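Student:
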Amino acid sequence: MISPSNATNDQLRNLLEDRILLLDGSMGALILASKPTEEDFRGERFRNHHTDLKNATDILCLTQPKMIQDIHRKYLEAGSDIIETNSFNANVLNQDEYGLGELTFEINQAAASLAKQAAEEFTKKNPDKPRFVAGSIGPTKFLLSMNADNPGTRPVTFDQMVDSYAEQVRGLLAGGADLLLPETSFDTLNMKSCLFAIRRVFDELNTSVPVMVSGTIFETGRSLTAQTVEAFYTSVSHFPLFSIGLNCALGPKQMRPYVESLSKLAECPISCYPNAGMPDGMGGFNSNPAEVAEALGEYARQGWVNIVGGCCGTTPEYIQRIGEQVQNFKPRAVPVSRHLTAFAGQERCELRPDSNFLMIGERTNVTGSRKFARLIREEKYDDALSVAREQVEGGANVIDVNMDEGLLDSQACMQKFLWLVSDDGDISVPIMIDSSNWDVIETGLKCVQGKPIVNSISIKDNEARFLEQARLIRRYGAAVVVMAFDEQGQADTADRKVEICKRAYKLLTEQAGFPPEDIIFDPNILTVATGMEEHNNYAVEFFDAVRRIKKECPSARTSGGVSNVSFSFRGNDVVREAMNAAFLYHAIEAGLDMGIVNSSQLEVYEEIDKELLVLIEDVLLNRRDDATERLIEFAEKIKDQKQGETVKKTAEWRNGTVEERLQHALLKGITDYIEEDTEEARLKYERPLNVIQGPLMDGMNIVGELFGAGKMFLPQVVKSARVMKKSVAYLTPFMEAEKEAAGGGARGTFVIATVKGDVHDIGKNIVGVVLRCNNFEVIDLGVMVACDKILDKAQEVGADVIGLSGLITPSLDEMVTVAQEMQRRGMTTPLLIGGATTSAKHTAVKIAPVYNQIVAHVADASLSVPVVEALVDEKRREEFAKKVRAEQERDRESYGMRQQRKLVSYEEAFSRRFATDWKTVDLPQPEFLGAKVLKDYPLEKIRPYIDWSPFFQTWSLHGKYPGILEDEVVGEEAHKLFADANAMLDKVIAEKWVTANAVYGFWPANSERDDIILYNPEKPEQELVRFPMLRQQWERKGQHEFRSLADYIAPVDCGRRDSIGAFAVTTGTGIEQQLARFEAEHDDYQSIMLKAIADRLAEAFAEALHAIARQNWGYGQSENLSNEELIREKYRGIRPAFGYPACPDHLPKKALFELLKAPGVAGIELTESLAMMPASSVSGLYFAHPDSRYFSVTQILDDQLTDYAARMQIDLETARRWLAPVLG
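Numbering (numbering that gives the first Met the number 0), first residue to last: 0 to 1223.
1. Under 8 Å by Cβ, that's how I've got Gly-360 and Asp-422 pegged, so tell me the actual separation to the nearest angstrom.
2. Can you look up Leu-630 in the DSSP assignment and give me helix, strand or coil?
3. Please classify Thr-139 as buried or exposed, where buried requires at least 16 other C-beta atoms within 10 Å of its C-beta.
4. Just grab the DSSP bridge partners of Pro-1003 for me.
5. As a quick exercise: from Lys-370, Gln-345 and Ser-455, pick the residue whose alpha carbon is nearest that of Gly-449.
6. Under 8 Å: do the stretch 1088–1098 and the stretch 1110–1130 share three or more Cβ pairs, one atom per stretch?
7. Can you tell me which of the three DSSP states Met-1172 falls into?
8. Evaluate contact between the stretch 260–272 and the stretch 478–497, counting only Cβ atoms and requiring at least three cross-stretch pairs below 8 Å.
9. Tell me whether Gln-1208 is buried or exposed, calling it buried when 16 or more other Cβ atoms sit within 10 Å of its Cβ.
10. Is Val-784 helix, strand or coil by DSSP?
11. So, helix, strand or coil for Glu-218, using DSSP?
12. Please report how far the alpha carbon of Val-817 lies from the alpha carbon of Val-883, in whole angstroms.
13. Could you spell out the range, first to last residue, of the beta strand (DSSP E) harbouring Gln-108?
14. Give the C-beta separation of Thr-56 and Ile-81 to the nearest angstrom, bearing in mind that I take them to be a contact with Cβ-Cβ under 8 Å.
15. Does the stretch 653–667 come into contact with the stretch 682–701, if we say contact requires no fewer than three beta-carbon pairs (one atom in each stretch) closer than 8 Å?
16. Between Asp-1009 and the rest of its own chain, which residues show a CB-CB distance below 6 Å, the 5 nearest in sequence each way excluded?
17. Rounded to a whole number of angstroms, what is the C-alpha to C-alpha distance between Leu-1155 and His-957?
18. Please report the residue range of the beta strand (DSSP E) in which Asn-621 lies.
19. So what does DSSP say about Met-1028, is it helix, strand or coil?
20. Which one of Val-335, Leu-249 and Leu-11 has the shortest CA to CA distance from Thr-313?
21. Just verifying my parser: in three-state terms, what is the DSSP assignment at Ala-176?
22. Put His-1039 into one of helix, strand or coil per three-state DSSP.
23. Can you tell me whether DSSP reads Arg-556 as helix, strand or coil?
24. Find the nearest neighbour of Pro-256 within the set Pro-288, Ile-1126, Leu-295 and Gln-510, judged by alpha-carbon distance.
25. Looking only at its chain, what residues have a beta carbon closer than 7 Å to the beta carbon of Tyr-1203, apart from the 5 residues adjacent to it on each side?
26. Within its chain, find whatever has a CB closer than 8 Å to the CB of Asp-521; leave out the 5 residues flanking it on each side and keep chain order.
27. In chain order, what residues of the same chain have a beta carbon less than 6 Å from the beta carbon of Ile-587, not counting five sequence neighbours either side?
28. Alpha carbon to alpha carbon, how far is Arg-470 from His-237?
29. Return the Cβ separation of Thr-842 and Ile-853 in integer angstroms, given the expectation that the two are a contact with Cβ distance under 8 Å.
30. Give the straight-line distance between the Cα atoms of Leu-1222 and Arg-1206, rounded to the nearest whole angstrom.
31. For Gly-742, does the three-state DSSP call read helix, strand or coil?
32. Does the contact criterion of 3 or more C-beta pairs under 8 Å hold for the stretch 326–343 versus the stretch 7–20?
33. Could you tell me which of Ile-963, Pro-1003, Ile-988 and Ser-385 sits nearest to Ala-923, measuring between CA atoms?
34. Using the DSSP secondary-structure output, state which residues sit across from Cys-267 in a beta bridge.
35. Out of Glu-632, Lys-73 and Gly-100, which has the shortest C-alpha to C-alpha gap to Ala-114?
36. How would you call Phe-927, buried or exposed, if buried means at least 16 neighbouring beta carbons within 10 angstroms?
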């Protein structure tokens, strides 16, 4: 592979390090403005051409070269560093439509030559600002990834697409293009064929130029062929890209989240050239040059971009304004490669150091599934697709597709099936193309738009053949599985397996251009318990080989076909599934990253019969000479045993009527018999809907009454809801079959969401459960939901009430935005506000005034039912509204009195700051400087630090732990809840449901007024980062000092260097897999329980890590505090978090995360509103000052706001928005 290393590439890269480069704008907009006629397009040369040429804009390079060159000059005058050729549609396939396909080379050569002449003209005028030409390559009019009319076919082939692009590339290079720019890619397989063509031409000509790539994402957040921006990047990242970016379809405001996502991921420069806003319905766009420039200037300020410009609708004026906005900002710093393994289907699948085992579904394999093989032979491809869907639903992260069967046309079957998969939105995972036939593999590679895995190649023939195949796999953009197989045959010992894998690793990394993270070794899982003594140690040899390969082949991955190990027991599912699970347990422990398994039929290791497990592990670990005989003997005993055949004593309640049994199950939260009882009721009642509206709702009404009367508690209600959901889920297919509306019985429709930028949803989920229990239809839109999506859905379904939830303070502003939009739309739907950060006062002062309908605040999930009941009851609504509005008016009056508080000026507050004798105060020095990472920190070490009181509050059980367990009213339920929590916590720890990661460290520091300066530990005088802090200004009675966190750090002029700590922890990594399982099982109780436990673990981890940090700092080594004393913070030092009372602004969190490199090392990301993801995360600063304590910056004046905005280097309006909660 030739790397772009010519002088142009070096020059461009040097410029990119110095400044943000400017692209041009729309060629089409200026051509359109010239209003060329059919005669202009034809020119003299094509006067008698047999088809119309109007709108064949590329031909203007030949017929109207002056027009095109004048457009180039206008963009160069506007400041463009890079101009694009007029060749967007100049590929063979598109030009054939005009009868010009044979002129593809000539058109592109002319396009590049015209642009090159103009660029050189301007470079000559000002050599300090060199100009460059990018050869524009559009997407063609065809799609390779989908065909809506006939999903099993394609209008053109991958090879035809490659040939079409190759001719275009040849012409652009011949004309002098400095770069190539395949752009507006809405089908990634098209883009991959273009990159394949570019590489072919580079090889032909023994040259290369830098290649920029730009994709197109629509308002759905996906490409036309349903890929996310992360999947798009992953799919093309095999090519040595000069840059990657986005253009077209969206304006800069709509494109923002996708550019931000790409900037966090891409290991190359980022480009962005949006449209001039969104279509205005009149053939134009709705954003003027100033608006587009301001938005792109914000991208630059955020450090997201390296190259900017404009697409549809933009003109030289846009480009000039954009250049003015970005010129003072530094370009995005390109991150160093993290060597993470990633694959892609419609979505990206990433293996991080803290990732769980990756499961590859095995049932879409004709050699491993008789059902799938039959469906393929009978050409029942729709049914075959359902097998793939089942694998995904069963938890498969990747699906293995194999068509190797003697009576099949394997190439044709592979092609058709992969085309159908590509068209199926439910099969979004990456593909493993599995075949022993190279032609079948290559056919598959030409059908997949994402980044697939090839399974497999080996050195069994010779090194030359191995390298030839590997280079092609790399060129197609796939990862590769390499079998432990060489010229001597299959490796069966650990030494042979490791020897072959090391040899292959060296060949791939040194001669085939493969990054190690895209290499997956399969060290051969061989069958045990065959009766042959030489096979007894096969599993042990595999485990040993995996450990050694992971050590001796850095960053490479390991995999295997798990079911091979149990092949001796085919026909005995009990033994096979148990053996596969046990083998997998030990293999993962040894370091196995992924495996081909039947994910929907995988036994849980902990649930394997203990006697059977001992016998299986005797075989796998080769612990006894008679292990095989003993397992075979046991297998014979259970061979005919029916699955699930158990003898149970029937409980007394099982003797009641079906209505009594359903009611009992609902009240007690028992799911064991719910399906059989529901079926009995279905057969008894005329319609399935009657079962819901009859016995089920009767039972839930009792639950609601008991809950309202305080005789049932929230945990019990959630368990009841779980039973209800399982029963309804069972009845749903029957109701759909009737094709009758299932509605009519609900008391009202409630649309609820956690607002944009916020990821916290426990409270929201509880409200949903409680309302469903009271016969409301609840439409839960999830977390981080944009305003338009909430309101569009509410209007679509005719919602009776809209509920907004949020935990972080920026969510308050978003709630105001939603209320304002409701007012703008003229809506009349009542609005319900809730969440930890909300309050009745904020709702009254900030939200209710902007929406002239009912806006109510609910402080507790358990109070939502009476509020919603009042809002949907026409007779009670007006009376309730009067009451709410009267309370809100009182809150506003109270708030108005707050404005009369005595607040001192910022200068006076600073002069009366908290004082320290900096000459004598103890300034402890940490034992290390810089950051340390804690990966997969033992959860059992975190558990003792849990503060359980907030856990009970989550469930609306109020009281302090442990006293709440003895409370006369809630004590009994608190006991049950505590037992359930600890039982789940046992599982969380034993089965590693979540991973605890952290990063923390210490830096030399000083304060400068109200800024805290952190210095580079390696260059003590170099400022690393600066955290502006806020200061108290409200003078309470008897208050003598006004604190800021900067007061706790030694000032720069005191002559002493202080230190500060910083941290970020999470216990939410991996939680989604378990939550998805609970959702599939309709189990809200377990879902809410797990989130609540993860939150408690995160806070506990923060407490545990602070204890470690105090010891590292040297002053905490003598501590001997109980957990109660830790909770009451009876230690020296504090750990305030951004967004909380002592430092209420969330914005400095960005600098904190950059300092700690938290996204990369701990897997904690920040949302647009600076909430942390995963939600169960905590971050902040450590202060060691002996007199440091927590305090609240309750209210500040405009004088401090102005000063703070200047120190933060943000505009006043931005500062006002983020600090709204503390402004008067």
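All C-beta atoms in this analysis are idealised placements derived from N, C-alpha and C, irrespective of residue type, glycine included.
Keep in mind the model is a prediction, meaning the values are calculated, not measured.
Tutor: In short, the structure shows the following:
1. Actually they are not in contact, since the Cβ atoms of Gly-360 and Asp-422 sit about 19 Å apart, beyond 8 Å.
2. helix
3. buried
4. Ser-1058
5. Gln-345
6. no
7. strand
8. no
9. exposed
10. strand
11. coil
12. 20 Å
13. Here Gln-108 belongs to no beta strand (DSSP E); instead the alpha helix (DSSP H) covers 103–124.
14. Not quite, the Cβ-Cβ distance comes to about 20 Å (not below 8 Å), so this is no contact.
15. yes
16. Met-1028, Arg-1030, Ser-1043 and Ala-1045
17. 37 Å
18. Note, Asn-621: premise wrong, no beta strand (DSSP E); not H, not E.
19. coil
20. Leu-249
21. coil
22. coil
23. strand
24. Leu-295
25. Pro-1027, Leu-1029 and Ala-1214
26. Asn-454, Ser-455, Val-480, Val-481, Met-482, Ala-483, Thr-557, Ser-558, Gly-559 and Gly-560
27. Phe-356
28. 11 Å
29. That belief does not hold up - the Cβ atoms of Thr-842 and Ile-853 are roughly 11 Å apart, past 8 Å.
30. 18 Å
31. Residue confidence for Gly-742 is low, a pLDDT of 45 falling below 50, so the modelled location carries little weight; the figure read from the coordinates is stated next. Reduced to three states, the DSSP call for Gly-742 is coil.
32. yes
33. The amino acid at residue 923 is misidentified as Ala; the sequence shows Pro. Checked all of Ile-963, Pro-1003, Ile-988 and Ser-385; the closest Cα to Pro-923 is Pro-1003.
34. Partner(s): none; Cys-267 has no beta bridge.
35. Lys-73
36. exposed
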